[in-house]
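Undergrad:
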C-alpha cells in the first residue's frame, strides 16, 4: 500500500509543478503582447484589411509559437477600426489615412460601417489614400471614399452586375 501512496504523491507533486510552470508561461505570453505606440508629428494611419473583419477582434496570443493546436485565424474588429478612425480624426499628429485594400473579407454591413466612419473622418479635412494590387467589390466600395485611389497597373478590379 505504501508504494502506491508514494507514487500517487509523486504524481500529484509533478502535476502541481507542471500546472504552475504552465500558468507562468501563459502569464508571460499574455503580458508580452502589450503595445505602446508613440505617434509622431505628420503621421499617417495605415489600415490594412488583410484579415476577416468581424464585430470584435479575435487574436491568438500563441500564434507565434507554431503549436499544432489553437490555430484559429486572427480577425480585425469592426469596433477597433471605428475607434482608430475616430481617434485619428481628433489627433492633430495624424495627417491622413492610408487604406491598403485588396480582397476585403467582410460583409457589406461591416463595410458600410467602416465607410461611414471614413466619410466622417474625411469631414475633418484630412486626406485618405487607397491602394490595392487588386480590388474586390468590397475593397472598391471602401476605396470610393478616398481622395486618391491607386491600383497596380497589372491589378484587377472585380465589378459584377
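In the numbering used here, the protein residues as written are 1087 to 1247. Ideal placement from N, C-alpha and C gives every residue a C-beta, glycine not left out.
1) Do residue 1185 and residue 1220 have their beta-carbon atoms positioned less than 7 Å apart in this structure?
2) If I measure Cβ to Cβ from residue 1179 and keep anything under 7 Å in the same chain, skipping five residues before and after, which residues do I get?
3) Mark residue 1196 as exposed unless 16 or more other C-beta atoms lie within 10 angstroms of its C-beta, in which case mark it buried.
4) Taking the alpha-carbon positions, what's the residue 1038 to residue 1136 distance?
5) Is residue 1089 helix, strand or coil when you go by DSSP?
6) Is the beta carbon of residue 1187 less than 7 Å from the beta carbon of residue 1225?
7) Expressed to the nearest angstrom, what Euclidean distance is found between the alpha-carbon atoms of residue 1141 and residue 1092?
8) In the DSSP assignment, the alpha helix (DSSP H) including residue 1168 goes from what residue to what residue?
9) Which of the three DSSP states, helix, strand or coil, is assigned to residue 1192?
10) Only counting the same chain, and skipping five residues up and downstream in sequence, which positions put a Cβ closer than 8 Å to that of residue 1245?
TA: Looking at the coordinates:
1) no
2) 1125, 1126, 1127, 1129
3) buried
4) With the chain running from 1087 to 1247 in the structure shown, residue 1038 is simply not present.
5) helix
6) yes
7) 53 Å
8) 1164-1176
9) coil
10) 1223, 1226
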